[in-house]
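Position in the sequence shown (first residue = 1) + 1 = this note's numbering. The beta carbon of each residue, even a glycine, is placed where N, CA and C say it ideally should be. The structure appears right after this line, and notes come after that.
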Amino acid sequence: MNNYQFVTLFDKFYLYRGLALARSLKNTCPAARLFVICLDDITFKILSELHLANVFPIAKDEFENKELLALKNKRNNAEYCWTCTPASVKYVLEKNPDIDMLTYLDADLFFFAPPDIIFDETTDCSVLITEHRFRKNIKWNEYYNGRFNVQYLTFKNNPQGLKTLNWWYDKCIEWCYDRHEAERYGDQKYLDKWPEIFDGVKILENIATCLAPWNLLTHKLSSKSGLVMVDERTPLVFYHFQSLKIFSENAFNMAVDYRLRREDRELIYLPYLLELQNVITKLKNEYPQWKPQFDQLENRNGFFKSLKFIKRKFLLKDNYFTL
């Protein structure tokens, strides 16, 4: 079986982001198989009816075990989703023992190039993790959020990979909350211990392949042969659209609390926003029972009263953008 095996999870409120992820993965890696843990019934219904090639929706009733169900009403929605992250990898590997390697993806990732260059680094490890690499002026975030980001995690179906995965699962069942403690934050800060206590854990070396708002400005972007190039030598494989606010299918704040350059907006953000717009429009037209939940648009000093009249124009204030 090929190594392009992925799993993600989301509910109806993240459905359009998850579909954008699935489309980007299909466009850049046609052989990829994406398992989707559907955290509510409507998400499973819609994904099942869409019949997307190589996308395998899994119903929550099939996925949730006794340990997860016992915690569902004790943790808020975000905390429960985080608790389900290691459980999603564990579930897919247990149900598909022929899978040699499985990669977890956050639903707000978007692929710009095939992931082969990242998979090349998995030949000599059992677990692959990625660092935040916060810019110097926001390096303090590492203390609270951890050195590593859950965004992209590869586990091999071998003793070392499963030992790490099962430890993480047990820790998240024990404690997974949206608050910062010395060595814990959600499902994420547990990763800081992995290189120290487990064999076979590798930190991704080709750091330019995966970017996010917190490290974007440390790199130079350009375009070449249809690819987004990072520092003129490495194709961007995926971008993590954390901090993106979505007010409708036409209005967005691209990166709350982060500065973006024009090339960032044009090469990375605009393709993603157009994809989101297409997905949201399709869902609203074909599935009227699906009700999107958008972020609330703040009207600061009346600045955004005329936002809806601006077409395809980047607003220099706070990264606001309309399509």
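The C-beta distance from Ile281 to Glu250 rounds to 4 Å, short enough to fall under 8 Å.
Its chain contains Asn3, Tyr5 as the residues whose beta carbon lies nearer than 7 Å to that of Ala32, once the 5 sequence neighbours on both sides are disregarded; these appear in chain order. Checking the DSSP bridge columns, you'll see Thr104 partnered with Phe7, Thr155. Rounded to the nearest whole angstrom, the CA to CA distance from Ala79 to Ile118 is 31 Å.
If the five residues before and after Glu206 are omitted, its C-beta is found closer than 7 Å to the C-beta atoms of Glu122, all from its own chain and listed in chain order. Phe149 has its alpha-carbon roughly 11 Å from the corresponding atom of Asn142.
Beta-bridge partners of Val93 (DSSP): none assigned. Beta-carbon to beta-carbon, Asp42 and His241 are separated by about 28 Å, too far to satisfy the 8 Å threshold. Annotated three-state conformation of Ser223 is strand, per DSSP. DSSP, reduced to helix, strand and coil, places Phe14 within a helical segment of the structure shown. Unbroken beta strand (DSSP E) stretches of 3 residues or longer found wholly inside the stretch 140–184: 149–157, given in chain order.
Between Pro87 and Trp169, the beta carbon gap of about 4 Å places them in contact (Cβ cut-off 8 Å). Nearest to Lys96 by C-alpha distance, out of Cys82, Phe64, Ala213, Asp179, is Phe64. When beta bridges are read from the DSSP output, Glu132 appears opposite Phe149. Non-local beta-carbon contacts of Asn167 in its own chain, meaning distances under 8 Å to residues more than five positions away in sequence, involve Lys91 in chain order.
Counting of Cβ neighbours within 10 angstroms places Trp176 among the exposed residues, the total staying below 16. Counting C-beta atoms within 10 angstroms of its own C-beta, Asp12 has 16 or more neighbours from the protein chains shown and is therefore classed as buried.
Between Val128 and Phe36, the gap from beta carbon to beta carbon reaches 8 Å or more.
Pro58: member of the beta strand (DSSP E) spanning 56–59, first to last residue. Pairwise C-beta distances place the stretch 202–221 in contact with the stretch 258–270, as three or more of them are shorter than 8 Å. The Cβ-Cβ distance between Val231 and Leu212 falls below 8 Å.
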